[in-house]
Amino acid sequence: MKSITLLSYILSFGSQMKSTRRFVFFLEKMYPYRFLAAKMTRVPLMREIIDKMFFDQTNLTALPKDNIVEINLEKSIKPPDNIVLPSQVVEYFIRKTNYRFIMKFCLCREAMHCKNHPIEFGCLFLGDAARNINPDFGREATVDEALEYVQKCRRSGLIHLIGRDKIDETWLGVGSEGNLLTICNCCSCCCLWKILSDLDPRISAKVKRMPGVEVTVTEKCNGCGTCTEHCFVHAIMIQDGHAIIGVDCKGCGRCADRCPNNAIKVTINDEDFLQKTIDRIESSVEVV
2 MKSITLLSYI LSFGSQMKST RRFVFFLEKM YPYRFLAAKM TRVPLMREII
52 DKMFFDQTNL TALPKDNIVE INLEKSIKPP DNIVLPSQVV EYFIRKTNYR
102 FIMKFCLCRE AMHCKNHPIE FGCLFLGDAA RNINPDFGRE ATVDEALEYV
152 QKCRRSGLIH LIGRDKIDET WLGVGSEGNL LTICNCCSCC CLWKILSDLD
202 PRISAKVKRM PGVEVTVTEK CNGCGTCTEH CFVHAIMIQD GHAIIGVDCK
252 GCGRCADRCP NNAIKVTIND EDFLQKTIDR IESSVEVV
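Take the sequence shown: its letters are residues 2 to 289, numbered as in this note's numbering.
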């Protein structure tokens, strides 16, 4: 309980001032306690406190990688608009905003001393609030630089979470006016959102699948369990020699990307999935 109280104090303090490297050091020292804090949300009173402080108005969507999705469209789309991919959501917001900030480190991977993915591939923040981020943490980027950056992140195996994130608003000290858009570049080994399975379901539901995404296991599955090792929300179990996708799946598609037998399919069965995703994000974040 003391650890949670200290973490709450540190994050609250950060929301009132521009975050510093020393402040980040404290956050990284507290990072191992994130699962304990998440489990405390199962206690009604603690849930209300933690939700209000760290998750209020959070609205994030997991985007599957372009190369692993199969998109089923009922209507034909003529060139040049016939390429429809999840990454276009990220591209849309990068082009829309007037300000882009690339972090030069990932807080999660730095705290965990990640050996699997580049620590220097941090979040991309968009919107006016990003102007208030400590310049020591990264740099402003042009449209082309930001587009190239997210492509590099995807090529390195990272998954995007995009939307409004109260935790980022708080620890970065940029305020909570709803004009900071977070684009996380997440790994399965260090990501903060591995806490989802420990959070109260009412909080974990704030991280959502992309509209129309379905993840299914085919007859090629031999129950090897590789998918369970890479699911960051622990939504997959092996039962009777076959992988079972649970209801908590966020549709990121990492399981399909890592399956050695190509036994997992990620499909998008909503022809309006791009617009619905954009509408969902814009309902909680004003990006100009």
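Every residue gets a Cβ at the ideal spot worked out from N, C-alpha and C, and that includes glycine.
Item	Value
Looking only at DSSP bridge pairs, what is Gly-240 linked to?	Looking at the sequence itself, residue 240 is Gln, so the reference to Gly does not match. In DSSP, Gln-240 forms a bridge with His-243.
In this structure, how does DSSP classify Lys-253 when only helix, strand and coil are distinguished?	The sequence shown places Cys at residue 253, not Lys. Cys-253: coil per DSSP, three-state reduction.
Which residue's Cα is closest to the Cα of Pro-136: Val-144, Pro-202, Phe-102?	Phe-102
Would DSSP call Leu-108 helix, strand or coil?	helix
Nearest-angstrom Cα distance between Cys-225 and Asn-263?	12 Å
Quick one: does Gln-89 have its CB under 7 Å from some CB of chain C?	This model lacks chain C altogether; it includes just one protein chain.
Excluding sequence positions up to five away, which residues of its chain have a Cβ less than 6 Å from the Cβ of Met-2?	Legend: pLDDT at Met-2 = 49, less than 50; position of this residue unreliable, value from coordinates given subsequently. There are no such residues.
Is there contact between the region 203 to 223 and the region 264 to 276, where contact requires at least three CB pairs shorter than 8 Å?	yes
With a CB to CB cut of under 7 Å and the five nearest residues on each side skipped, what residues in its chain are close to Ala-39?	Ile-196, Asp-199, Leu-200
Name the residue from Met-54, Arg-255, Tyr-34 whose alpha carbon lies nearest to the alpha carbon of Arg-210.	Arg-255
Can you find at least 3 beta carbon pairs, one from the region 271 to 282 and one from the region 167 to 174, that sit closer than 8 Å?	no
Pull up the distance between the alpha-carbon of Met-31 and that of Phe-233, whole angstroms please.	20 Å
So, do the region 229 to 246 and the region 102 to 115 have three or more beta carbon pairs nearer to each other than 8 Å?	no
Can you tell which of Ile-204, Gly-158, Ser-20 has the C-alpha that lies nearest to the C-alpha of Arg-48?	Ile-204
Checking 7 Å against the spacing of the C-beta atoms, do Ala-112 and Cys-253 come in under that value?	no
Please classify Gly-247: is it buried, with 16 or more other beta-carbons within 10 angstroms of its beta-carbon, or exposed?	exposed
Based on Cα-Cα distance, which residue from Ser-285, Thr-143, Arg-23 lies nearest to Glu-178?	Ser-285
So, with DSSP's three-state summary, where would you put Asn-133?	helix
So for Leu-61, helix, strand or coil by DSSP?	strand
Need the endpoints of the beta strand (DSSP E) that Lys-209 sits in, please.	208 to 210
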